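Line order of the protein sequences matches chains W and F. When you line the first sequence up against this note's numbering, it's residues 8 to 661, in that order. When you line the second sequence up against this note's numbering, it's residues 271 to 624, in that order. Idealized CB from N, CA, C, for every residue including glycine. Bear in mind that the values here come from a model prediction, so they are computed numbers and not experimental data. Accompanying notes for the structure given below.
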Amino acid sequence: MSKTIVYDTLSIPDPSFIDDEVKMLGSWFGMSNICAFPTKMSTLSNNRNSSGDDKTERNIIHLKLKTMLFDPKVRQLVNESSGVFQELQTNVDDPTKSTDALYYSRKYRAILSTCILAIDRSNPDKTNETYNQYKMLLHNLQLIWHLCEVLYLVTVPGDTILNNLLDWIKIHYENAENQASVITENKIAYLTDEHIEEKFTFYWDTVIGLVLQGNIDTTRMLLSNHSQSDTEPFIHAIKILKSMPTYSIYGGLPIAEYTSRFKGWQSSAKAKLECGVFLSDSNLNNVMKIICGDPDAINLIRSHCSTWFQFLVAQLIYTDPTVKKHSLSLYAHRSVSKYYEESEYNHMDTLALDLFDGDLEGFVKKLKSYPDSGWSSTHLTNLLHLCDKIEPEFEMSEAVENKNPNEQYLLDYGTFLMTHHSLWQAGVTYLDYCSAGKGYLSVLLSKLEITSDLRVSKILHYATARRLHNVVSSVCKVKGMLSLQKSRIGEALCWAIRGQDSAFATHLGDLYLKDYVKSGCFSNPDILDNLGSIVVTCDRFMFIGKYIQFLKLALDKKLNEAALLYIELLRSNICPEYFRLTLLMDVLMFIDDSKECYFNITDISLITMRLDDAIMESNEDSETADQFILSKVVKIRQGIVQLLSISILKKKIV
Amino acid sequence: MVEAHSINAEHKDLIHDVAFDYYGERMATCSTDQFVKVWDQDEQGNWNLTASWKAHSGSVWKVTWAHPEFGQVIATCSFDRTAAIWEEIMGESNENGTLLRHWVRRANLVDSRTSVTDVKFGPKSFGLILATCSADGVMRIYEAPDAMNLAQWPLQHEVSLKVPSSCLTWNPLLSTMPNAMIAVGSDDNSNTINSKVFICEYNEVSRRWAKTESVNSVAHPVHDMIFAPNMGRSFYLLAIATNNVRILKLKPIVDATSGFPYTIETAAQFNDHFCTVWRVAWNITGTVLASSGDDGCVRLWKSTVDTWKCVGVLKRDGKLPQPQSKKTQSTAQNNLTRFFKLGQITHPSEVHWH
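Dropping the structure here:
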C-alpha cells in the first residue's frame, strides 16, 4: 500500500575515485562515524613496484551524522524530555504517585511546542532552510502525537469522538480562526460601511474554513458582518446556524435524541436550500450545501482542506456527528481515497491511517523511521507500554532475550544519545531502564573520549554509581598510561590509586624505588605521604609507605623506633630484590657516637641472613655483581661488625 | 544530514588500511609506500599528521591499535614477512612548549617465512597478546608477559592451517566463556580445499592453541572477517567478506561434552554487492555492519531481532568536480582537510546509522 524507501544512497564525491579501478573501503570509528578510504585490490602476492613520484590524490573521508536532535536549538527537547521520562519511570514504581498517561503525554507535547517556539524565535524571518525543515518535522510530530493522544489516551464516554477530533484539528489548523479575528477586529470597515467581503479577499475562504471546523459561532459573527447581512438569505442562514443542535457529552441529551434533532434540523435546512433561498449568493449557497451534508459539496470541502484528516473531520461534522471510534477506520480509508487522486501516501498519511485503524503496533514501528532519531517512538512506546496499551508480544521471536518490547527503542535511543559529546548523560538515563543496559553502559561509558578532567570525573561518577568497576579501572588505567607517557609518574600514581589498580601501582612503585636507588631521594613526596588505601592492596606501596616512615624516624633521631621498623621490614621480606642492598646499607644509620645499641642478637642475625640472600641473588645474576655492589657489601659487613661490637660492650649479651 | 571531511593521506602509493584508536581520536594509515602515518584530531575536529615513518621494507598490509590501557601502541604487518610493534614515546618539549612525540619499534616479529597478511591484538582481558597470520597459512600468537615491558614478545603458539591466510579476528567473548577464540580466513583461489574459514581455540587443559573447526558453508575466498562486539548476547556474530556478505551465528551448545561446543548457522547473507566483498566492519554496539564491495559501494546492514536489512548505501563518485577544494586547500593552516556537505536528506527514512 504505502511507498516506503528503505534506505538512501549517499554519494561520496572525491577526486580519489576518478579511476574506476579504485574501490572504496569503509569502516567505523569513534562512537558512530564512518571512515571511507580509496584503495585498489590486487592479489596480495603481486609485488608492485612503487614509484616514488606518484601524484595520485588519496583522500580519507570521514563521515559524521548530523541529526536534528544534535542541533543546539533542539537539544532542549532531548534534555527536558529525558527529565519527564525519568519522572514517569520512577512514578510507575511508586503506588502513591499517579501515572496518568494523558498527563505525561501532554507534558511531552508541551516540550515539543516549546521547542518549536524556540526554533521560531531563532529563525524569525524563516530564511534558515534547516530550521524551517526542523519546524515542519516537529510540527508534524506534534500533530500525530496529539492524534494518538485523542484516539487512545483520552477516555470518551459513549465513544463519541468527534468533539475531540475537532479540538485536535482546531489546534493544528488555526488559519481560519486567525483570519476570522483579523476580519472581526477590523472596526474601520464596520464604521465606514465598507463591504467587508470585498476588503478581505479571503472572507469566504475563512467562512468555509470555520464551518469545516464546526466553529459555528464565529461563522455567524462573520456572516452578520457581511454587507448583505440584513437581506433574506443571510438572515435565514444565520438563523439556521443558530439553531444547529450541538452535542456535548455532559449536555444531558442521549445520543438517539440528539441524532433525531440533528436530522430534523438538517432536513429543514435542506428544504430551504432546495427552495433556492440562498441562490442569490453563490458563496452562501455553498456554505449551506456543506452544512446540509450535500454530496455535491465534497469537492468544495476537499479544496479547502490541506490534509485528508482535515477532510475526514470536516465531513463527519455534517454527516455523522456522533461517529463512534470503531467506525473511524472505515471513514478514514474512504477519505484518503477520495482526497488523493492517486494512492500516493506519504509517511504522515500512513501514520495517521494506522492510528485510525487501531493498529498501534504498526504505528509505532513506522514512527521509528520518523527522522527524529527515535525521539518520538521511544517516548511514545514507553508511555503506551506503561499504560498497557501495547502488549509485549510484537516482533519478539526471541522473547527470552528481550522481555520488554519498549526496550529495543530505549536501547537504540540511549545508545544514539551516548554518541553525542554533550548529550551522553541523557543517554545514560534511558539505558538505565533497560535490562541489557548495563552491558551497553559499560562499553559506551568506557568509549567516551576522555578529553577533559571534568569529563573523566563525570564518567567515573556515573560508572561508580552503577557499580561498573571495570569502567572505573579501565578509564583510570588509560589516564595513568597517558600520564606515564609524559613521564608524570606522580599523576599516574594518582590514577592508579583512584582505579585501585595494584598491578599498575606496583610498576609505578618500582619506578620510584629504582629512582631512589639512583638519586637517594623520592620524587613527589607529597603524594607518597598520602598514599591512602593503596598501601593495603599493593605490596610495593606497603613497603614504600613503611620505608618512608622509617626514613622519617631516622631523620628525627628516633632510632629506637626506627630500629623496630627496620627489623620489621627485613623480617617481612616485602623488599623488592633490586632494593635489598639499599635497605641493608641503612644499617649504617644506627652507628652513631652515642654508642647506643638498637638491636639484639636475633635482629643482627636476621640482618646477616638477608645480606647473605642478597649476595647469593646477585651471584646468580652475574652481570650485577660488579665492583660497586661489592663495595656496598663490604660497607654493610663492616657496619654489622660494628653493631655487634657495640652490643657486646653495652649489654654484655652473648 | 551528513557532514563529510576529506583528508589527503599523503601516501605515495595505495593505502591498504586505516585504523582508529579505541576512542576514534587517532588514526593510523599504512600503504604500499612502506610508510605508516599517524593522525591526531585537535579540539576543532581537524586531523593533523603527527608522525610518518618508513615502517617496513615492503607493502604494509594492516595496522592495528592496542587498547589504550597498554599505552599508545600499534602493530603492523607487511609483505616483508615481518610484523612489528610500535610505541609512541614523548620526549622533551621543544621551544614551543609542545612535547615531541615519536614512534619507536619495540619488537620485530620475524617468524613468518612469507608475507604477514593480518595482525590483531587480543581482547584486553587476556593481557597484551597479539595474533598474526601469514600467506603460508600459519597463525601465530605472541604475548608480552609483562604488559609494562613492550620489548619482550615471545612467540607462544603456532597453528598451521595449511592454506594461505588472509585475515583473522578475535572473538571479544563473554566473561563466562574463558577460552580465547580466533577465526582465520583464507583467500585461496584454488578449489581444491573447500573450507575457507577456520576457528582456532585455546585449550586450557593442554595450554595450546589448535584449530577446532572448519566452516564448510563458506567456499569462496575470504578477504576480511570480524566478530561483532558482544553487548551481552548469548551468541557470537561473525561477519565475513567473501563473494557476498555473510553473517555466521555461533551459539554455545549447553552441556557440550566433546567436539566443537558451538552450533554454526548462517544468520544472514547479502548478495547486493553482486561481486566480491573486500571489507566488513561492525559499529560500536554490533548492530550495524558496514560492507565494502568491488562495486565501489559501502552498504550498511542493521539487524532488528532476527531480520537484517539494508539501511544505507555510500557510493563513491569520482566524476563530480570538487568545487571547494582549491579554495580551502590554499588556506595555510588546514591544508590537509576540507569540508563539503553531501546535501541534506529530507526523506523521512533518512540513513539510520544507529
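Handout entry: Contact check, S348 (chain F) vs W331 (chain F), beta carbons under 8 Å
Key = Your numbering for residue 348 (chain F) matches position 78 in the second sequence. Your numbering for residue 331 (chain F) matches position 61 in the second sequence. Cβ atoms of S348 (chain F) and W331 (chain F): closer than 8 Å.
Handout entry: Closer than 8 Å at the beta carbon, the chain F residues around P45 (chain W)
Key = As a working note, residue 45 (chain W) is residue 38 in the first sequence. Residues of chain F whose Cβ lies closer than 8 Å to the Cβ of P45 (chain W) are, in chain order, I285, R586.
Handout entry: For R569 (chain F), the three-state DSSP class (helix, strand or coil)
Key = Along the second sequence, one-based indexing puts residue 569 (chain F) at 299. It is a strand residue.
Problem - CB contact below 8 Å: I655 (chain W) versus chain F - result: Taking the first sequence and counting its residues from 1, the one referred to as residue 655 (chain W) is at position 648. Any Cβ of chain F closer than 8 Å to the Cβ of I655 (chain W) would place that residue at the interface, and such an atom is absent.
Problem - Range of the contiguous beta strand (DSSP E) that encloses H275 (chain F) - result: Stepping through the second sequence from its first residue, residue 275 (chain F) is reached at position 5. Its beta strand (DSSP E) spans residues 272-278.
Practice task
Pull up the DSSP beta-bridge partners for A509 (chain F), would you.
Solution key: Counted from its first residue, the second sequence places residue 509 (chain F) at position 239. Its beta-bridge partners are F:I496, F:I517.
Problem - V429 (chain F), enclosing beta strand (DSSP E) - first and last residue - result: Residue mapping note: residue 429 (chain F) aligns to position 159 of the second sequence, counting from 1. For V429 (chain F), the enclosing beta strand (DSSP E) covers residues 425-430.
Handout entry: H286 (chain F) versus K394 (chain F): straight-line alpha-carbon distance, rounded
Key = What you label residue 286 (chain F) is simply residue 16 of the second sequence in a count that begins at 1. What you label residue 394 (chain F) is simply residue 124 of the second sequence in a count that begins at 1. Each residue's alpha carbon lies about 25 Å from the other.
Problem - Distance between beta carbons of N413 (chain W) and T388 (chain W), contact taken as under 8 Å - result: As a position in the first sequence, residue 388 (chain W) is number 381, starting the count at 1. As a position in the first sequence, residue 413 (chain W) is number 406, starting the count at 1. About 5 Å separates the beta carbon of T388 (chain W) from that of N413 (chain W), a gap short enough to meet the 8 Å contact definition.
Handout entry: C-beta atoms of T439 (chain F) and M501 (chain F) nearer than 8 Å
Key = For the purposes of this step, residue 439 (chain F) is taken as residue 169 along the second sequence, with counting starting at 1. For the purposes of this step, residue 501 (chain F) is taken as residue 231 along the second sequence, with counting starting at 1. No, they are not a contact pair.
Practice task
For F544 (chain F), count neighbouring Cβ atoms within 10 angstroms of its own Cβ and tell me buried if that reaches 16, exposed if not.
Solution key: Along the second sequence, one-based indexing puts residue 544 (chain F) at 274. A residue is called buried once 16 or more other Cβ atoms fall within 10 Å of its Cβ, and F544 (chain F), having fewer, is exposed.
Handout entry: Completely contained alpha helix (DSSP H) runs for the stretch 537-565 of chain W, where each covers 4 or more residues
Key = Whole alpha helix (DSSP H) segments, 4+ residues: 541-544, 546-562.
Handout entry: Neighbour flag for H281 (chain F) against chain W, beta carbons, 8 Å
Key = As a position in the second sequence, residue 281 (chain F) is number 11, starting the count at 1. True, the Cβ-Cβ gap to chain W drops below 8 Å.
Exercise for the section: May I ask you to check if the CB of I496 (chain F) is nearer than 7 Å to at least one heavy atom of the ligand GTP? Expected result: Among the components modelled here there is no ligand, and therefore nothing to report on the ligand GTP.
Handout entry: Neighbour flag for Q492 (chain W) against chain F, beta carbons, 8 Å
Key = In the first sequence, the residue the question calls residue 492 (chain W) occupies position 485. Closer than 8 Å to some Cβ of chain F, the Cβ of Q492 (chain W) qualifies, so yes.
Handout entry: Where S302 (chain F) sits in the DSSP three-state scheme
Key = Looking up residue 302 (chain F) in the second sequence gives position 32. Looking at the sequence shown, residue 302 (chain F) is not Ser but Thr. Coil at T302 (chain F), not helix or strand.
Exercise for the section: For my contact list, V308 (chain F) and T346 (chain F) are in at a C-beta cut-off of 8 Å; report their separation, rounded to the angstrom. Expected result: Taking the first residue of the second sequence as position 1, residue 308 (chain F) is located at position 38. Taking the first residue of the second sequence as position 1, residue 346 (chain F) is located at position 76. Contact check for V308 (chain F) and T346 (chain F): beta-carbon distance about 11 Å, past the 8 Å limit, so the pair fails to qualify.
Exercise for the section: Report, in whole angstroms, the separation of the C-beta atoms of K579 (chain F) and I19 (chain W), which I expect to be a contact under 8 Å. Expected result: Taking the first residue of the second sequence as 1, we reach residue 579 (chain F) at position 309. Taking the first residue of the first sequence as 1, we reach residue 19 (chain W) at position 12. About 22 Å separates the beta carbons of K579 (chain F) and I19 (chain W), which is beyond the 8 Å limit, so they are not a contact pair.
Exercise for the section: For H476 (chain W), count neighbouring Cβ atoms within 10 angstroms of its own Cβ and tell me buried if that reaches 16, exposed if not. Expected result: Indexing the first sequence from 1 puts residue 476 (chain W) at position 469. With fewer than 16 Cβ atoms within 10 Å of its Cβ, H476 (chain W) is classed as exposed.
Practice task
Determine the extent of the beta strand (DSSP E) in which I469 (chain F) is found, giving its start and end residues.
Solution key: Taking the first residue of the second sequence as 1, we reach residue 469 (chain F) at position 199. First-last of the beta strand (DSSP E) with I469 (chain F): 467-473.
Handout entry: Segment limits, beta strand (DSSP E) that includes H286 (chain F)
Key = Taking the first residue of the second sequence as 1, we reach residue 286 (chain F) at position 16. It spans 285-290 - the beta strand (DSSP E) in which H286 (chain F) sits, taken as one unbroken run.
Problem - Cβ neighbours of S562 (chain F) in the same chain (closer than 6 Å, five flanking residues each side left out) - result: Along the second sequence, read from residue 1 onward, the residue named residue 562 (chain F) stands at position 292. Within its own chain, the residues whose Cβ lies closer than 6 Å to the Cβ of S562 (chain F), once the five positions on either side in sequence are excluded, are W548, R549, V568, listed in chain order.
Practice task
Taking only the alpha-carbon atoms, compute the straight-line gap between K279 (chain W) and F285 (chain W) and give it to the nearest angstrom.
Solution key: Indexing the first sequence from 1 puts residue 279 (chain W) at position 272. Indexing the first sequence from 1 puts residue 285 (chain W) at position 278. Going by the C-alpha atoms only, they are around 8 Å apart.
Problem - Supposed close pair L319 (chain W), S342 (chain W) - CB separation, criterion 8 Å - result: For the purposes of this step, residue 319 (chain W) is taken as the residue at position 312 of the first sequence. For the purposes of this step, residue 342 (chain W) is taken as the residue at position 335 of the first sequence. Indeed they touch by this definition, with Cβ atoms about 4 Å apart.
Problem - Beta-carbon gap between W552 (chain F) and P499 (chain F) smaller than 8 Å - result: Taking the second sequence and counting its residues from 1, the one referred to as residue 552 (chain F) is at position 282. Taking the second sequence and counting its residues from 1, the one referred to as residue 499 (chain F) is at position 229. The answer is yes: Cβ separation under 8 Å.
Practice task
Return the chain-ordered list of same chain residues with a C-beta closer than 8 Å to the C-beta of V543 (chain W), the five sequence neighbours on each side being excluded.
Solution key: As a first step, residue 543 (chain W) is located in the first sequence; it is residue number 536 there, counting from the start. Hits under 8 Å: M549.
Handout entry: Validate contact between the stretch 303-323 of chain W and the stretch 168-178 of chain W using beta carbons, cut 8 Å, 3 pairs
Key = Result yes; three or more Cβ-Cβ pairs closer than 8 Å.
Handout entry: CB-CB length for L535 (chain W) against I551 (chain W), believed under 8 Å
Key = Within the first sequence, residue 535 (chain W) is the residue found at index 528, counting from 1. Within the first sequence, residue 551 (chain W) is the residue found at index 544, counting from 1. Yes, L535 (chain W) and I551 (chain W) are in contact; Cβ-Cβ is about 7 Å, under 8 Å.
Exercise for the section: State the Cα-Cα distance for the pair S58 (chain W) and I123 (chain W), rounded to the nearest angstrom. Expected result: The residue given as residue 58 (chain W) occupies position 51 in the first sequence. The residue given as residue 123 (chain W) occupies position 116 in the first sequence. Because S58 (chain W) carries a pLDDT of 45, less than 50, the predicted location of this residue cannot be relied on, and no value is offered for it.
Practice task
Give a yes or no on whether 8 Å exceeds the smallest Cβ distance from N292 (chain W) to chain F.
Solution key: On the first sequence, position 285 is the one that residue 292 (chain W) refers to. Closer than 8 Å: no.
Problem - 3-residue-minimum beta strand (DSSP E) runs that sit fully inside the stretch 417-484 of chain W, ordered along the chain - result: none
Handout entry: Endpoints, the beta strand (DSSP E) within which V330 (chain F) is located
Key = One-based indexing of the second sequence puts residue 330 (chain F) at position 60. Residues 330-335.
Handout entry: Closer than 9 Å at the beta carbon, the chain F residues around L558 (chain W)
Key = Against the first sequence, residue 558 (chain W) aligns to sequence position 551. Within chain F, no residue comes near L558 (chain W); the closest Cβ sits about 27 Å away, beyond 9 Å.
Handout entry: A537 (chain F) in three-state terms, based on DSSP
Key = For the purposes of this step, residue 537 (chain F) is taken as the residue at position 267 of the second sequence. Strand at A537 (chain F).
Handout entry: For S494 (chain W), the three-state DSSP class (helix, strand or coil)
Key = Position 487 of the first sequence, counted from the start, is the residue given in the question as residue 494 (chain W). DSSP places S494 (chain W) in coil when its eight states are reduced to three.
Problem - Under 8 Å between C-beta atoms of S322 (chain F) and Q304 (chain F) - result: In the second sequence, residue 322 (chain F) corresponds to position 52, counting from 1. In the second sequence, residue 304 (chain F) corresponds to position 34, counting from 1. Their beta carbons are not under 8 Å apart, which means S322 (chain F) does not touch Q304 (chain F) by this criterion.
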